[in-house]
Amino acid sequence: MDELLYQWTDMLSAEIVPGKREVLMRFFKTAPGEYGEGDQFLGITVPSVRKVSKLMTEAPLEAISRMLKSEIHEHRLSALLVLVERYRRAKKNHELKKQIADFYLSNTPSINNWDLVDLSAPKIIGNYVYETGNYEILYRLSRSSDLWEQRIAIVSTYTLLCNGITEPTISISQSYLTHKHDLIHKATGWMLREMGKRTDESLLTKFLDAHTRNMPRTMLRYAIEKLSPELRQYYLHLPR
Numbered sequence: 180m181d182e183l184l185y186q187w188t189d190m191l192s193a194e195i196v197p198g199k200r201e202v203l204m205r206f207f208k209t210a211p212g213e214y215g216e217g218d219q220f221l222g223i224t225v226p227s228v229r230k231v232s233k234l235m236t237e238a239p240l241e242a243i244s245r246m247l248k249s250e251i252h253e254h255r256l257s258a259l260l261v262l263v264e265r266y267r268r269a270k271k272n273h274e275l276k277k278q279i280a281d282f283y284l285s286n287t288p289s290i291n292n293w294d295l296v297d298l299s300a301p302k303i304i305g306n307y308v309y310e311t312g313n314y315e316i317l318y319r320l321s322r323s324s325d326l327w328e329q330r331i332a333i334v335s336t337y338t339l340l341c342n343g344i345t346e347p348t349i350s351i352s353q354s355y356l357t358h359k360h361d362l363i364h365k366a367t368g369w370m371l372r373e374m375g376k377r378t379d380e381s382l383l384t385k386f387l388d389a390h391t392r393n394m395p396r397t398m399l400r401y402a403i404e405k406l407s408p409e410l411r412q413y414y415l416h417l418p419r
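In terms of my numbering, the numbers along the sequence shown are unbroken and rise by one, the last being 419.
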């Protein structure tokens with residue numbers, strides 16, 4: 180096991196780009212008091228992390244678990260990308276898919292930045308919820324006190340939207356209208372925008388008609404991004 184982990188981490192370290200670490204630490208807000216406080220980066224691009232992860236898809240869950248517990252951001256990202264690929268390969272093996280989804284949900288404390296959520300949640304939790312119809316997983320996450328579990332909940336609805344299912348997106352978005360964090364405002368606005376784009380624009384405008392006056396401004400701006408210029412201006416200038 181240790182030898183496998185050394186191999187995995189060594190392959191990642193070989194992909195370090197000089198000067199990238201400092202850029203990533205600023206980008207992902209790792210300073211004291213910021214949302215990514217304490218996160219450590221090596222300085223590796225996402226394509227390079229993907230390249231290494233493709234070589235580790237047979238790693239046992241114990242190894243993935245240990246990588247997820249690493250303080251190094253790219254280690255955790257690589258572990259999650261391995262899980263994504265394992266879920267994809269499971270195809271009709273529902274028992275294995277449940278095992279992967281349960282493992283993911285038991286490790287949410289390690290899925291603690293927006294890229295880690297966005298690159299994994301729709302493809303694991305989103306697909307699992309779509310395949311099982313167990314939307315309560317998303318609603319439970321949305322009620323969590325943890326910012327990242329809340330983001331997992333809304334971002335996972337992307338997979339449902341791609342399959343024409345809108346109610347979880349609408350319900351969770353409504354529950355986030357009074358949320359205080361811009362990372363939730365952005366993710367929610369993004370999913371509302373996808374709802375209008377991938378299902379029916381009238382569902383988006385109906386939501387906006389009901390909630391524009393009391394939704395966070397960032398959420399609104401993200402949600403209306405793909406609407407016509409006239410509609411964007413209409414919603415931006417509604418009295419609040």
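The beta-carbon is built from N, C-alpha and C at its ideal position, and this holds for glycine as well. Fair warning: this is a prediction, and the values are worked out from it, not measured in the lab.
Residue i - partner residues in DSSP beta bridges
i: residue 251; result: 219
For residue i, the three-state DSSP class (helix, strand or coil)
i: residue 235; result: coil
i: residue 290; result: coil
i: residue 388; result: helix
i: residue 324; result: coil
i: residue 188; result: helix
i: residue 405; result: coil
i: residue 334; result: helix
Status (buried if at least 16 other CB within 10 Å, exposed otherwise) for residue i
i: residue 379; result: exposed
i: residue 359; result: exposed
i: residue 387; result: buried
i: residue 215; result: buried
i: residue 375; result: buried
i: residue 291; result: buried
i: residue 412; result: exposed
Top-ranked residue by Cα proximity to residue i, from the options
i: residue 335; options: 324, 313, 193; result: 313
i: residue 365; options: 192, 216, 403; result: 403
i: residue 318; options: 353, 288, 286; result: 353
i: residue 381; options: 419, 406, 309; result: 406
i: residue 385; options: 349, 419, 415; result: 349
i: residue 246; options: 308, 330, 189, 394; result: 189
i: residue 254; options: 279, 225, 281; result: 225
Report task. Could you name each continuous alpha helix (DSSP H) segment of 4 residues or more that falls completely within the segment 337-364, going from the start of the chain to the end? Result -> 346-354
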